[in-house]
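Engineer: To start, I am sharing the structure in question, which I have written as structure tokens.
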Amino acid sequence: MKILSIIFFILAAIVLGLWAFFYIYVMGMACAFGSVNSTNCSVKYPWMLSGEDFNLLVTTPAIIFGLTLVLAILFRREAKKGNDS
Numbered sequence: 000m001k002i003l004s005i006i007f008f009i010l011a012a013i014v015l016g017l018w019a020f021f022y023i024y025v026m027g028m029a030c031a032f033g034s035v036n037s038t039n040c041s042v043k044y045p046w047m048l049s050g051e052d053f054n055l056l057v058t059t060p061a062i063i064f065g066l067t068l069v070l071a072i073l074f075r076r077e078a079k080k081g082n083d084s
């Protein structure tokens, strides 16, 4: 169980890193292809998004990250409980 805990913690860290990279990448593409002749294009904060953008860029990755983190914590507790007896 301890191995699974470590695997899920590593997976959660990878998901968090990919989430940040994907968010910045998509926002950069939105600036690149959004408005023609616009020189002032900044990355929007996650709480400034709405609708489909919020679901794709914030909610879905947050759920995946949360699930991997919860699984890592649950497996860590199981490993500790197994060592106590």
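Residue 84, in numbering that gives the first Met the number 0, is where the sequence shown stops; the numbers in between run on with no holes.
Idealized CB from N, CA, C, for every residue including glycine.
Note that the structure is predicted; figures quoted are calculated from it, not measured.
1. Look up S49 in the DSSP assignment and say whether it is helix, strand or coil.
2. Can we count L3 as close to the ligand ADP, meaning its CB is less than 7 Å from some heavy atom?
3. Less than 8 Å between the C-beta atoms of T67 and A11, yes or no?
4. Could you tell me which of V14, T58, G27 and I23 sits nearest to T38, measuring between CA atoms?
5. Excluding sequence positions up to five away, which residues of its chain have a Cβ less than 6 Å from the Cβ of V69?
6. Would you tell me roughly how many angstroms separate the C-alpha atoms of K43 and G16, rounded to the nearest one?
7. Determine, using beta carbons only, whether I63 and V14 come nearer to each other than 8 Å.
Structural biologist: Concretely, from the data shown:
1. coil
2. Summarising the ligand content, the structure contains no ligands, and the ligand ADP is consequently not present.
3. Pairing T67 with A11 gives a Cβ-Cβ distance under 8 Å.
4. G27
5. none
6. 18 Å
7. yes
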